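Numbering (this note's numbering), first residue to last: 10 to 320.
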């Protein structure tokens, strides 16, 4: 007998435009399991109102989603993204098939979304009200919906809803975290964590570093970073690395990068970087004399984050 499909649910507040388009839904406390038969809490019903400036209505809703099926609606999409950001589900653990098609491109303001066509027509009224357009995108900022526990985010515009940030994570001003991606423990993020990528506890994504998205470019590599590992400043990664690994500053390692293995006691040999994908305790570096990219086994513990920054 097959396992029953997983479900999630939430009472929330939906923003509906004048033409009936659902622009977003905020779920204060999404959860797993089937939705109860009860109505939304009184507090949500009391929050229902019409915002004439944005030409939208805010209304209380209850949404249930089958998490193993493709995303079926805008409300379903927002529920799944908030399950991720509330750390209720992990990245890559639920279906996000069809997500983009269900997320409308919104004009985002400090009071919430509106249709871009309405924003364009009402720019004079918006300006008089001091309401600026802060973005045109399918994804909003994480912090407009979820304030992660014991997490620091220096620039909220650089972390999308659907990011999964574990307690102790620090996202610096130039750091970026996409949806369905993030950290599994205390981590320093000064570079880019792309969609589908997870970073293990105690790891550091250095300034300007870039991690290729999971299955990026139609490939088959699921990119991830283990525990206590370091991506040096301005480095890049297109394979998985395990625990206690270091990628030298400025070095980009993709699946096809040719690596010279420098294992003590063995003759050097050349392999593709994908052959080391997911393995622990490697240093990836470029030989400053020959220009060759090398992989050298590491011994001892991995990097250690400053505990005062990640308490």
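Note that beta-carbon positions come from the ideal geometry of N, C-alpha and C, so glycine has one too. Please read these numbers as outputs of a predicted model, since none were measured by experiment.
Around the Cβ of residue i, are there at least 16 other Cβ atoms within 10 angstroms (buried) or fewer (exposed)?
i: residue 24; result: buried
i: residue 314; result: buried
i: residue 129; result: exposed
i: residue 88; result: buried
i: residue 221; result: buried
i: residue 249; result: buried
i: residue 237; result: buried
i: residue 165; result: exposed
i: residue 226; result: Unreliable placement is indicated for residue 226, whose pLDDT of 48 sits below 50; the coordinate value is still reported in the next sentence. Looking at its Cβ environment, which holds fewer than 16 other Cβ atoms inside 10 Å, residue 226 is exposed.
i: residue 201; result: buried
Taking C-alpha atoms, which residue in the options lies nearest to residue i?
i: residue 32; options: 304, 43, 54 and 63; result: 63
i: residue 158; options: 250, 283 and 178; result: 178
i: residue 49; options: 311, 315, 20 and 60; result: 20
i: residue 197; options: 42, 17 and 318; result: 318
i: residue 297; options: 278, 258 and 215; result: 258
i: residue 255; options: 284, 275 and 295; result: 295
i: residue 101; options: 156, 233 and 71; result: 233
Going by DSSP in three states, residue i sits in which element: helix, strand or coil?
i: residue 178; result: coil
i: residue 172; result: strand
i: residue 26; result: strand
i: residue 329; result: Only positions 10 to 320 of the chain appear in the structure, and residue 329 is not among them; the question remains open.
i: residue 301; result: coil
i: residue 294; result: strand
Just grab the DSSP bridge partners of residue i for me.
i: residue 250; result: 234
i: residue 67; result: 24 and 58
i: residue 202; result: 186 and 220
i: residue 162; result: 180
i: residue 118; result: 121
Measure the beta-carbon distance from residue i to residue j and round it to whole angstroms, keeping in mind my assumption that it falls under 8 Å.
i: residue 217; j: residue 230; result: Incorrect: roughly 22 Å between the Cβ atoms, too far for contact.
i: residue 111; j: residue 154; result: Not a contact, Cβ separation roughly 16 Å.
i: residue 186; j: residue 170; result: About 10 Å; that fails the 8 Å criterion.
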